[in-house]
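The opening position of the first sequence corresponds to residue 238 in my numbering, with each subsequent residue numbered one higher.
Just below is one structure, and these are the notes that go with it.
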Amino acid sequence: MLDPANVRDHFEEVRSRLRTRGIDIDKTLEDVATYETARRRLIPELEGLKRQQNTSGDEIARAKRQGKDTTSIQEASKLRSAQIKQLGFQLDSVERQRDIALLNLPNLPHPTVPVGRTAAENVEVRRHGVPREFDFTPQAHWDLGPALGIIDFERGTRVAGARFTVLSGAGARLERALINFMLDLHTRDHGYVEVLPPFMVNAASLTGTGQLPKFEQDLFKIAGDWDLYMVPTAEVPLTNLHRGEILDGRDLPMKYVAYTPCFRSEAGSYGQDVRGLIRQHQFDKVELVKLTSAESSYDELETLTADAEEVLKRLELPYRTVLLCTGDMGFSSAKTYDIEVWLPSQKTYREISSCSNTEAFQARRANLKFRAGGSGKAELLHALNGSGLAVGRTLIAILENFQEKDGSVTIPSALRPYMDGKEKITKAGATVKSTM
RNA sequence: GGAGGGAUGGCCGAGCGGUCGAUGGCGGUGGUCUUGAAAACCACUGUACCCGGAAGGGUACCGGGGGUUCGAAUCCCUCUCCCUCCGCCA
C-alpha cells in the first residue's frame, strides 16, 4: 500500500512513476487523492463536534451532581449526537473507498529499476557457470523423468487433475534432498531462522502481502465456512509472522526461511508450459524473508539474492541474474531480481527465483513496525522476499543439466550426502513400477 | 459436536453508566543518594489520526463489529479468539 498522504501531496510524481509499469492506474490514483482530501476535510469537523460533546457531557455530570436541571443542555447534546453519527457514517464511507483504491494500487518502482514494458527489457546483471556442451541431444525432463520412473504425470492427473504430478522413488527423494539441502544452507551458512508455517492462511495475511484483494483468482480458497486459502508462497505466512507488532530495532534484520508447498490456480496461464513440471498447481519452494529498516533494505536485497544464487553455485547449475524492468515486476515489489537457471532442452534460462524488496508497501498493509534502538517512534519496516529456490524447477534443472547419454542422471556432489551418498539416478532407482 | 468460563496498557491485575487513557504492582527509561553497585526515593513510561513551521492542542482506541444513552471499559446484541470438562479423531 502506498502512503495516501504521499499520493495526495505528490500526485503527478506518483502517477508518472506508476505509469512506467505499463498499466492504467489513473482512475484508482485519482480516487485515492479525492477520498483522502475529503477525509481530511471531514475529520476536523467531526472532531470539533466530538470535543463539544465531551465538554457538554462534563457539564451535565457537574450539574447533576449539584442537583441542577439539565434538560436544555441535554436537548442540544442530543441534536449534536445525531450530527456526529451522521458525519461519522460519511467519514467511514470515504475511508472505505479510499482504502479500496489504495489496496488496488501497485508499489512504486525504485529509481534504479529500468523502465520497460516486457521481460525483453529486463537487464542481465551477471551470469555464472557455463552451459554444458552435450555430445548427444539432451532430453527434456518430461521425457527423462518418466523414462527413469521418477516422475509420473499420468498418475498425478489421475489422483488430482491437470498440472498435478507424482514424484516417486529417487524423484521423491531428490525433491526432499533439495529441500533439506536448501534449508541447511540458509540456516547454517546464511543465518536464517527456520520456520514451518501453516500451509493455509487467512484473508488478512493475504491482504498484508498483496495477493488480496486484487489477485484472488490466482488462489485456491478452502470451500465451506472458512476464511482460508492454500498458501501460494511461504512469503505470505513468513511476512505476516509479525503483523501488528512493533519490533525492537536491535533485533533487525529478522531473517526467516521456510519450506512449504505452494498452491496456485494459474488462472489465465492456459497453454503456457503445459508440459512438464514448470507450471504446476502445487510445487515445493524454500522461501527467504527479511524484515529490516529502510536504511539497510537495499543492501539486504543484494545479500538475499546472493543467498539464493549460492544454492545454484553449490549445485553447479549455470544461471544468470536479471533486474526486472518496471513492466515485468510484481504488484508489491519496488525492485526485483530474477534468477534464471539454464535448461538445456529449452536452450534458455528459466526463472527459478524472484527476489524482491517491497520497501514499506507490505509493511503498511500488514502493520509491520519497529522502534530503532528499542525506543522512540515506531517506524515502518521494509519487507523483502525471495525464493531460495523453487524446488521443482531445481529438480528439473538437475535432471536436464546432469543427464547422461544412457538416460541416467548424475547427482551433483553437494547433494550426495542427502541422497545416501548415491552418485547417479538410474532406472533401478524407481520404486513404483510402470504399468501404464 | 455438547456444557461452562474468559478476553483491560510490555506483563500481572482493579474497575460494574459521568471527574477513566483508565487505581495498583511488576518490568523499562531518566534522576537523587553512593567510590561503584544494590536498596530506597522522585519523575517519566502506548498506538493511530487531525490541526500546527514548531511549541503545543485535539480526537479515537479497555478482543472485533453493531446498538441503547446527552454520556459506555462499564448495559444489550453479534462475531472472533482463548481456557476447562465431555464426545470424536491424526
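Positions of the beta carbon are idealized from the N, C-alpha and C atoms, including for glycine.
Being a predicted model, the structure only gives us computed values, none of them experimental.
- Checking the DSSP bridge columns, you'll see residue 593 partnered with 573 and 622.
- Residue 450 places its beta carbon 8 Å or farther from that of residue 581.
- If only complete runs of 4 or more residues are kept, the segment 250-336 shows the alpha helix (DSSP H) at 263-302, in order along the chain.
- For residue 356, the closest alpha carbon among the candidates 560, 269 and 251 is that of 560.
- Of the residues 334, 243, 607 and 533, the one whose Cα lies closest to the Cα of residue 484 is 607.
- By the neighbour-count criterion, in which a residue is buried when 16 or more other Cβ atoms sit within 10 angstroms of its Cβ, residue 474 is buried.
- Within its own chain, the residues whose Cβ lies closer than 7 Å to the Cβ of residue 544, once the five positions on either side in sequence are excluded, are 423, 427, 525 and 625, listed in chain order.
- In this chain, residue 498 is not harboured by any alpha helix (DSSP H); it is covered by the beta strand (DSSP E) spanning 491-500.
- If you check the CB distance, residue 433 and residue 495 come in under 8 Å.
- When secondary structure is reduced to three states using DSSP, residue 599 falls in the helix class.
- DSSP places residue 609 outside any alpha helix (DSSP H), giving it a letter other than H or E.
- Minimum Cα-Cα distance from residue 403 among the listed residues 246, 469 and 379 corresponds to 379.
- In this structure, the straight-line span from the alpha carbon of residue 539 to that of residue 649 is close to 26 Å.
- For residue 539, there is no enclosing beta strand (DSSP E); the residue is found in the alpha helix (DSSP H) stretching over 534-551.
- Less than 8 Å divides the Cβ of residue 623 from the Cβ of residue 590.
- Between the segment 403-416 and the segment 459-476 there are fewer than three inter-stretch CB-CB distances shorter than 8 Å, so the stretches are not counted as touching.
- Contact between residue 310 and residue 290 is absent: CB atoms are separated by about 11 Å, not below the 8 Å threshold.
- The beta carbons of residue 250 and residue 564 sit no closer together than 8 Å.
- The criterion of a C-beta distance shorter than 8 Å is not satisfied by residue 586 and residue 596.
- An exposed status is given to residue 330, since fewer than 16 other beta-carbon atoms sit within 10 Å of its beta-carbon.
- The Cβ neighbour count for residue 460, taken over all protein chains shown within 10 Å, is under 16; the residue is labelled exposed.
- Measuring C-alpha to C-alpha distances from residue 583 to each of 367, 658, 415 and 637 identifies 637 as the nearest.
- Residue 468 carries a coil assignment under DSSP once its states are collapsed to helix, strand and coil.
- Nearest to residue 492 by C-alpha distance, out of 502, 477 and 325, is 477.
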